[in-house]
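For reference, the structure is listed below as structure tokens.
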Amino acid sequence: MLIDRETCIGCEECVEYCPVGAIGMEDELAQIEQSLCAECGNCLRSRVCPVDAIVNNELVWPRTIRNIFSDPISVFHETGVSGRGTEESKTNDVTGRYRKGEVGFCIDVGRPNAKGIRLREVEKICRELSKLNVAFDPDNPLSYLMEDKKVGKLKEDVLDEFVISAIIEFKTPLEKCADIVKALENISHHIDTVFSVGIISRVEEDGTIPAATVLKDAGFQTRPNGKTTLNLGRAL
Amino acid sequence: MTHTLHRRTDINQEGEDFAILCMAAQKYNDKGAGEKLKKIFEMVADSNPDNLADDNLGGRYTGYTDEEILNHMGDKAYVGAAFSDRSRLKEVLKKIKEADLGISVVVSGNYKAVFDILKEIGIKPHTVNMSLGVFGKKDILPREDVLAISTMCGHGMVSTKRIENVIKAVKSGKLTPEEGGKRLSSTCTCGIFNPEITAEMLKRICA
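Residue numbers (the numbering used here), protein chains in the order written: chain G, 238 to 473; chain U, 2 to 208.
Here you go:
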């Protein structure tokens, strides 16, 4: 995103819209700090500028990554899914991506509200997780940026790209999920940002949730609220 | 909607805060899904939601009419909506079940409340995505009352600065909590930011 400073009237209306604080004032006109702009498009989409001075500049690699990971409307063309992750459990009633006996992990790096992250931080977590033989979800945009999936290494030229957040996705056998959470606790002491952890589990016929039970036994409490995929979808 | 599971206050966790998302599974049942999703959108619209959108465009609070959203909807549409009471949620889920369109539906909210509703209308829960909370350098996060509101938008499109400005405006009487809730909804494209619940949070913060 850019501000056309010849058009800008310096009203400052756009400044508060930036989720990462990249818009500031310089010489009484708005300016977007390019190293901090995550290309989420929030300023433009909000139509806040009274003189249309916010401009969507054409992005080139690797800056294009910022838009894919940060703009909720942007679609990752390789999978046809919008947003920074996959459909994860949202369509599991149709896809069967997560089966009984398996647990899915959605690790939202930079969320909530870390005001942006460099992909270098995401790589740190991926590298540590890879030591537990985690198989990263091949449909997640991050997997397309990996040079070596076995060790969680991202391509060198994307490491400094700045995004609002990125989601690390993988699944494990049920019996391994508590060990993964313990490892995440350890990793959390060595990173410069935050991450939120989502745990995906099938629901048994009697309404019980195996992953919640296993995690509780290991001392981890899941919150009382979350997402439930209903058994309503079907493949064509 | 990935982040709705991480909503954090007692209102979100124990109260009547529900969001729904309806979508096709890409490569499984997306062909021709647009018309089915439009039917679902109309059912949701008739159930008086607190917010409603197609995430690929935006919603009622981002400046689009229902007609504009419907005209834009295609096979990749995501129908997102917010509800602040279970009776309206139950009503719309019942309608979607009866329509039997084969589209995936996700409900976010307190599990016990959601499972109870599903039992009442004869729908089985298939899969859950549960939160273990936040890990890492938590001291970089904004103060708790601001975070409570910002996490209502999973994509992080409601900025800290804007929330702080709305809190100031409500405290000074320039905005009512209801106006503040609607104002903050204007950058959530997927329709899950709930202006009614945000107004309730603003009332608490500004009391």
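Glycine is no exception: its CB is placed at the ideal position from the N, C-alpha and C atoms.
Item	Value
Which residues of chain U have a Cβ atom closer than 9 Å to the Cβ of Arg439 (chain G), listed in chain order?	His127, Thr128, Val129
Residues of the segment 21–46 of chain U with a CB closer than 7 Å to any CB of chain G: list them in chain order, please.	Leu22, Met24, Ala26, Gln27, Tyr29, Asn30, Lys32
Within 8 Å (strictly less), CB to CB, does Tyr335 (chain G) reach chain C?	Here chain C cannot be found, since the structure's protein chains are G and U.
With DSSP collapsed to three states, give me the class of Ser85 (chain U).	coil
Between the segment 238–248 of chain G and the segment 267–278 of chain G, do at least 3 Cβ pairs fall closer than 8 Å?	yes
Would you give the residue range spanned by the alpha helix (DSSP H) that Ser187 (chain U) belongs to?	Note, Ser187 (chain U): premise wrong, no alpha helix (DSSP H); not H, not E.
Once the 5 residues before and after Ser109 (chain U) are set aside, which same chain residues still bring their CB inside 7 Å of it?	Met2, Thr5, Leu6, Phe19, Ala20
For the beta strand (DSSP E) containing Glu339 (chain G), name the first residue and the last one.	339–346
Use the C-beta contact count for Gly134 (chain U): other C-beta atoms within 10 angstroms, 16 or more gives buried, fewer gives exposed.	exposed
Using DSSP bridges, identify the partner residues of Gly373 (chain G).	With the sequence shown as reference, residue 373 (chain G) is identified as Phe, and Gly is not the correct amino acid for it. DSSP output for Phe373 (chain G) lists G:Phe407 as bridge partner(s).
For Gln268 (chain G), write down the residues that DSSP places opposite it in a beta bridge.	G:Gly261
Taking Ile310 (chain G) as the reference, which of G:Thr328, G:Ile291, G:Gly278 has the closest Cα?	G:Gly278
Do you know offhand how far Ile405 (chain G)'s Cα is from Phe342 (chain G)'s?	8 Å
So which residues of chain U does Glu253 (chain G) contact, with C-beta pairs closer than 7 Å?	Ser160, Lys162, Arg163, Asn166
Is Leu369 (chain G) close to chain U, meaning its C-beta is less than 8 Å from at least one C-beta of that chain?	no
With DSSP collapsed to three states, give me the class of Val115 (chain U).	helix
Just verifying my parser: in three-state terms, what is the DSSP assignment at Asn52 (chain U)?	strand
Starting from Glu201 (chain U) and walking both ways along the alpha helix (DSSP H), at which residues does that stretch end?	196–207
Along chain G, which residues have their Cβ under 8 Å away from the Cβ of Leu6 (chain U)?	Gly435, Arg460, Asn462, Gly463, Lys464
If you count every other CB in all the chains shown that lies within 10 Å of the CB of Thr66 (chain U), and 16 or more means buried, which is it?	exposed
Which class does Lys390 (chain G) belong to by DSSP, given the choice of helix, strand or coil?	strand
The alpha helix (DSSP H) spanning Pro126 (chain U) covers which residue range?	Segment 126–137 is the beta strand (DSSP E) holding Pro126 (chain U); no alpha helix (DSSP H) there.
For the pair the segment 94–109 of chain U and the segment 23–39 of chain U, tell me if three or more CB-CB distances fall below 8 Å.	yes
Distance cutoff 8 Å, beta carbons only. Does Phe84 (chain U) sit that close to anything in chain G?	no
Could you work out which residues of chain U lie near Ala259 (chain G), taking near to mean beta carbons separated by less than 9 Å?	Ordered by position in chain U, no residue passes the 9 Å Cβ test against Ala259 (chain G), which lies about 10 Å from the chain.
Taking only three categories from DSSP, how would you classify Ala455 (chain G)?	coil
Look at the alpha carbon of Lys392 (chain G) and the alpha carbon of Trp298 (chain G), and state the distance between them as a whole number of angstroms.	12 Å
Got a sec, what are the start and stop residues for the beta strand (DSSP E) Met24 (chain U) sits in?	19–24
Tell me which same chain residues have a C-beta within less than 7 Å of the C-beta of Ala448 (chain G), skipping the five on either side of it?	Val340, Leu411, Cys414, Ile436, Ser438
Alpha carbon to alpha carbon, what distance is there between Lys390 (chain G) and Glu325 (chain G)?	22 Å
May I have the straight-line CA-CA distance separating Arg336 (chain G) from His127 (chain U), to the nearest angstrom?	10 Å
Any beta carbon of chain G sitting closer than 8 Å to that of Ser187 (chain U)?	yes
Taking the alpha carbon of Glu253 (chain G) as the reference point, which residue from U:Leu90, U:Gly192, U:Glu180, U:Ser187 has its own alpha carbon closest?	U:Ser187
When you compare only the Cα positions, how much space is there between Gly75 (chain U) and Leu469 (chain G)?	20 Å
How long is the line joining the alpha carbons of Asp146 (chain U) and Pro256 (chain G), rounded to whole angstroms?	17 Å
Of all the options U:Asp56, U:Leu176, U:Arg9, which has the alpha carbon lying nearest to the alpha carbon of Cys189 (chain U)?	U:Asp56
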